[in-house]
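Undergrad: Here the protein sequences line up with chains R and X, keeping their order.
Just so it is clear: in the first sequence, position 29 is 29 by my numbering, and no numbers are missing.
So the number in my numbering is just where the residue sits in the second sequence, counting from 1, plus 1000.
Got a structure here, written out as structure tokens. Questions coming.
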Amino acid sequence: QKEVEQDPGPLSVPEGAIVSLNCTYSNSAFQYFMWYRQYSRKGPELLMYTYSSGNKEDGRFTAQVDKSSKYISLFIRDSQPSDSATYLCAMRVGRDDKIIFGKGTRLHILP
Amino acid sequence: NAGVTQTPKFRVLKTGQSMTLLCAQDMNHEYMYWYRQDPGMGLRLIHYSVGEGTTAKGEVPDGYNVSRLKKQNFLLGLESAAPSQTSVYFCASKVGRGNTEAFFGQGTRLTVV
């Protein structure tokens, strides 16, 4: 079993909808949880990160971590065509230096 | 403000040829990483470095070697390229331990025929 599982999609939703992206993981030692956004033919860029469990909000984006279920989510409100990209979850153990990524979910926001 | 720069951007190799991918960062970051990205596989860590002169293996290190002789550069070598190494390679760097954000280069598209 891969340490981080993420549905590759693609996921297509109409403009203005709420988008929910998710990852599950198997390593209970993960402490730092990140979401990266990657536009076509570009490198990933950090979108949000959270430490341990809880919620974090930044504008239209909300990151949620449930360590008891080993499940993390990214919610996008009022989705825009410019949100169309691949979203990768990533995780890191506190004492470790490796950042482990999920497969990424391709998201299409339809105008 | 260059950030992380990868050289070359594209390359086609024949099976058995060797090459070196160069990653350069101008942010004085301690940590540097090499990933490969394949369809349906996501980003997989090849090797990484936590400082000048140090390297460590990631998830998929076989067939690759790395060197970090200077803090700003991280080299990824393929000694004898195989078609299975056809991929998009990304370099990333971050400030150091405890810092979360990794900055990525624009990628190198490598095709091995």
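C-beta: ideal position from N, C-alpha, C; glycine also.
1. Check whether the stretch 85–101 of chain R touches the stretch 1037–1047 of chain X, counting contact only when three or more Cβ pairs, one atom from each stretch, lie closer than 8 angstroms.
2. Would you please state the rounded distance, in angstroms, between the beta carbons of Q1025 of chain X and S1093 of chain X? I believe it to be under 8 angstroms.
3. For T1055 of chain X, collect the residues of the same chain with a Cβ closer than 8 angstroms to its Cβ; drop the 5 residues on either side in sequence, then sort them by chain order.
4. Quick check on this structure: which residue in R:L110, R:R106, R:P111 has the alpha carbon closest to the alpha carbon of G1040 of chain X?
5. Taking Cβ positions only, does T1007 of chain X come closer than 7 angstroms to chain R?
6. Compute the Euclidean distance between the alpha carbons of G1077 of chain X and I76 of chain R, then round it to the nearest angstrom.
7. Could you list the residues in the stretch 1041–1055 of chain X with a C-beta less than 8 angstroms from some C-beta on chain R, going in chain order?
8. Cβ of T1086 of chain X less than 7 angstroms from any chain R Cβ?
9. Quick one: which chain X residues come within Cβ less than 7 angstroms of L113 of chain R?
10. Does G1107 of chain X get closer than 7 angstroms to chain R when you measure Cβ to Cβ?
11. From this set, R:W35, R:E3, R:D7, R:P8, which residue's C-alpha is nearest A29 of chain R's C-alpha?
12. T1108 of chain X and Q1037 of chain X - do their beta-carbons sit closer together than 7 angstroms?
13. Run through chain R and tell me which residues come within less than 8 angstroms of G1058 of chain X, C-beta to C-beta.
14. Could you tell me whether the Cβ atoms of G43 of chain R and F1074 of chain X are closer together than 7 angstroms?
15. So what's P1083 of chain X in DSSP terms, helix, strand or just coil?
TA: Considering the structure as presented:
1. yes
2. 4 angstroms
3. H1047, Y1048, S1049, V1066, S1067, R1068
4. R:R106
5. no
6. 39 angstroms
7. M1041, G1042, L1043, R1044, L1045, Y1048, V1050
8. no
9. The question about residue 113 of chain R has no answer here: the residues shown for chain R are numbered 1 through 111.
10. yes
11. R:E3
12. no
13. K98
14. no
15. helix
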